[in-house]
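Asker:
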Amino acid sequence: MNLPGQYPVPRDPRTDEQLLADHVAGDAEAFGIIYLRHRDHLWAVARRTSHSSEDAADALHDALLKAQRMAHGFRADARVSSWLHRIVVNSCLDLIRRNKVRHTVPLPPQDHTIFADPRDATADVDLGLAIGRVLQTLPAEQRAAVIAVDVEGLSVTEAATLLGVPAGTIKSRCSRGRAKLAEALHHLRPTDAPTAPCTGSRRT
Numbered sequence: 004m005n006l007p008g009q010y011p012v013p014r015d016p017r018t019d020e021q022l023l024a025d026h027v028a029g030d031a032e033a034f035g036i037i038y039l040r041h042r043d044h045l046w047a048v049a050r051r052t053s054h055s056s057e058d059a060a061d062a063l064h065d066a067l068l069k070a071q072r073m074a075h076g077f078r079a080d081a082r083v084s085s086w087l088h089r090i091v092v093n094s095c096l097d098l099i100r101r102n103k104v105r106h107t108v109p110l111p112p113q114d115h116t117i118f119a120d121p122r123d124a125t126a127d128v129d130l131g132l133a134i135g136r137v138l139q140t141l142p143a144e145q146r147a148a149v150i151a152v153d154v155e156g157l158s159v160t161e162a163a164t165l166l167g168v169p170a171g172t173i174k175s176r177c178s179r180g181r182a183k184l185a186e187a188l189h190h191l192r193p194t195d196a197p198t199a200p201c202t203g204s205r206r207t
């Protein structure tokens, strides 16, 4: 498995959907091209959802194997990138459930914007690291919902489709996760920074 930046993305005029169909038909290189197109995003998803880089690599590897085996069942009404995203998230959650071990590994701070104070760049870095640590302590399903809505900027509807659960479930998981984040980070949050509800209203 090639991690981000190891190999350039090959030029190919086919769409993801065409490549996946060709993979099902026996093209030995088609799926690899799809992966190279989306590897950076898929790795970021796996890393954010997993406890560690090692777990992320294992989960991403499992997800790619599943995607190759399940390609014949791909529905044309979805995007290949969204389909792969969901498989990666589910593989990460499966690995977390199997391990049943909770670590606190900091994640890169640049994508964690909730509770951020733009007036103080140093505080932003410290707060981002703290959020990354606390995210890792959330139950897997809550963490996936918070990441989908608050980190990746998906609407509740989009996150529900991605994770395969009702929109109400996303709202409740996100609300519980944000409440735990707020409690754990209360001593770091500026007093005038409001805690926005997890409505996913950025995009509808």
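Under our numbering, the residue at position 179 of the sequence shown is numbered 182, and the numbers go up by one with no gaps. For glycine and all other residues, C-beta sits at the position ideal for the given N, C-alpha and C. Here the structure is a predicted model, which is why all the values come from computation and not from measurement.
(1) Can Val-137 and Cys-177 be called in contact, C-beta distance under 7 Å?
(2) Alpha carbon to alpha carbon, how far is Ala-24 from Thr-125? Give it in angstroms, no decimals.
(3) In whole angstroms, give me the CA-to-CA distance for Ala-60 and Leu-67.
(4) Using the beta-carbon count (16 or more within 10 Å), is Thr-160 buried or exposed?
(5) Out of Glu-20, Gly-76, Arg-51, state which residue places its alpha-carbon closest to the alpha-carbon of Val-154.
(6) Apply the 10 Å Cβ neighbour rule to Ser-85 and answer buried if 16 or more other Cβ atoms are within range, or exposed otherwise.
(7) Mind the definition here: the region 73-82 touches the region 172-188 only if three or more C-beta pairs lie below 8 Å; say whether that holds.
(8) Starting from Thr-52 and walking both ways along the alpha helix (DSSP H), at which residues does that stretch end?
(9) When burial is assigned at 16 or more other CB atoms within 10 Å of the CB, is His-26 buried or exposed?
Answerer: On the basis of the coordinates in this document:
(1) no
(2) Because the pLDDT of Thr-125 is 45, which lies under 50, any placement of that residue in the model is unreliable, and the number read from its coordinates should be weighed accordingly. Annotation: Thr-125 to Ala-24 spans about 48 Å, alpha carbon to alpha carbon.
(3) Going by the C-alpha atoms only, they are around 11 Å apart.
(4) exposed
(5) Arg-51
(6) exposed
(7) no
(8) 33-52
(9) buried
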